[in-house]
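Heads up, the thing below is written out as C-alpha cells.
2 protein chains.
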Amino acid sequence: MATNKKEAFSQKEQELAEFAKAMAHPARIAILKVLAKHNECICGEIVDVLPLAQSTVSQHLKELKNAGLIDGTIDGPRSCYCINWKAFEKFFAEFSGLFTALKIKNEKACC
Amino acid sequence: MATNKKEAFSQKEQELAEFAKAMAHPARIAILKVLAKHNECICGEIVDVLPLAQSTVSQHLKELKNAGLIDGTIDGPRSCYCINWKAFEKFFAEFSGLFTALKIKNEKACC
DNA sequence: TTCTTTCATCGTATATTTGCGATATAAAAC
DNA sequence: GTTTTATATCGCAAATATACGATGAAAGAA
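Protein chains in written order, with the working numbering: chain A, 1 to 111; chain B, 1001 to 1111.
Below is the structure:
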C-alpha cells in the first residue's frame, strides 16, 4: 500500500523534494532551457521545439507553474510564461546550503 | 499511452532530470542529510531515524546509489553508505551552469 | 552447527506520472 | 455573427514510483 508518508518529513525536506520533482523530467528541463534562452516570454514555441503533443507540454508547464519555478499569465488565446528567478534562486540556495555546508567538515570519503 | 519519450531529449537533459529525480522524495533528502551529518558511513541508523520500514529505506538507498549520489559497499551483514561528493558537485555545477549563466542576460521579468 | 543480526531483494497493492486525443475556452480576425 | 488561432482541461491507458511484509543471504556469536 503506497500510503503517502510524505507528511512524516519536515517542511523543508518536502519543499526541496517538490522542487526537485518539478525538474525530474527531461521535458521540463528542456522547457526551462527554452524559457531561459528567450528574453521574451514564450507561448507555443515550446511545443514546436519539444517532441511532445501540445496538451502534454501544457501539462508540464502547469506542473512547473504549480511548483513555482515559472510564472504564467493567460491572455485569451495567447499565454506568457517565464522563469521565476526569485523562486529558483531561493530553492537553489537552500539546496547548496543544505549540502555544501555539511561538505566542508567531512570531505574525506569513507566507502 | 505513456510511451516513454525520455530518449527524445538530449543526454544532458536526461542526466539532469535523473539527478533531480533522485532527490525528488523527502525520504531521500532526509537520507542524504543523515549521511552528510555523520562523518562515518551509516548503515541501519537511517532506518531508526526515518519513519519508514527497513525494506523501503533500502529501496531508497538503492535509487540514490543507482543515480550515483551515494556510494555503498556491502560487508556481509553490515553495509556502508556515504555521499559521493564528487558526483554531487558535478551535477550541481551543471545545474547552476545551465541556469545562472542564462540568468545574467535576462534578469528582467516579463510576466 | 545453529542462532542472531543486518541488510537486500521479491512479490504485491496502491498511488502517481506521463502522454495523447478530444474537447472546451477565449480573444482576435473575418 | 462565424472562423481561426492558441492554449487549457478532461478522460483515458500505460508506465513508474512508493510502501510494506515476507523471504533470502552472509557473516559473526552462541
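The beta carbon of each residue, even a glycine, is placed where N, CA and C say it ideally should be.
For chain A, check one thing: does any of its Cβ atoms lie closer than 7 Å to the Cβ of residue i?
i, result
"P1013(B)", "Here residue 1013(B) is Glu; the residue named in the question, Pro, does not match the sequence. Yes, because at least one Cβ of chain A sits closer than 7 Å to the Cβ of E1013(B)."
"F1009(B)", "yes"
For residue i, which residues in chain A fall below 8 Å Cβ to Cβ?
i, result
"I1031(B)", "Residues of chain A passing the Cβ test: none, with the nearest at roughly 10 Å."
Could you tell me which chain B residues have their CB closer than 9 Å to the CB of residue i, listed as they occur along the chain?
i, result
"K21(A)", "A1020, K1021, M1023, A1024, H1025"
Beta carbon of residue i, beta carbon of residue j: below 7 Å?
i, j, result
"Q1014(B)", "P26(A)", "yes"
"V1057(B)", "V1034(B)", "no"
"I70(A)", "I83(A)", "yes"
"A1024(B)", "K21(A)", "yes"
"L16(A)", "I1031(B)", "no"
"G68(A)", "A87(A)", "yes"
"F1091(B)", "F1019(B)", "yes"
Please list, in chain order, the chain B residues whose beta carbon lies closer than 8 Å to that of residue i.
i, result
"E5(A)", "Checking the sequence shown, residue 5(A) turns out to be Lys, not Glu. What K5(A) touches in chain B: A1027, P1051, L1052."
"L64(A)", "What L64(A) touches in chain B: nothing, since even the nearest Cβ is about 12 Å away."
In three-state DSSP terms, what is residue i?
i, result
"S79(A)", "strand"
"G1097(B)", "helix"
"T73(A)", "strand"
Check the Cβ-Cβ distances between residue i and every residue of chain B, and say whether any is below 7 Å.
i, result
"L16(A)", "yes"
**Message:** Does the structure place the stretch 70 to 89 of chain A close enough to the stretch 39 to 49 of chain A that three or more beta carbon pairs sit under 8 Å?
**Reply:** Yes, the stretch 39 to 49 of chain A touches the stretch 70 to 89 of chain A.
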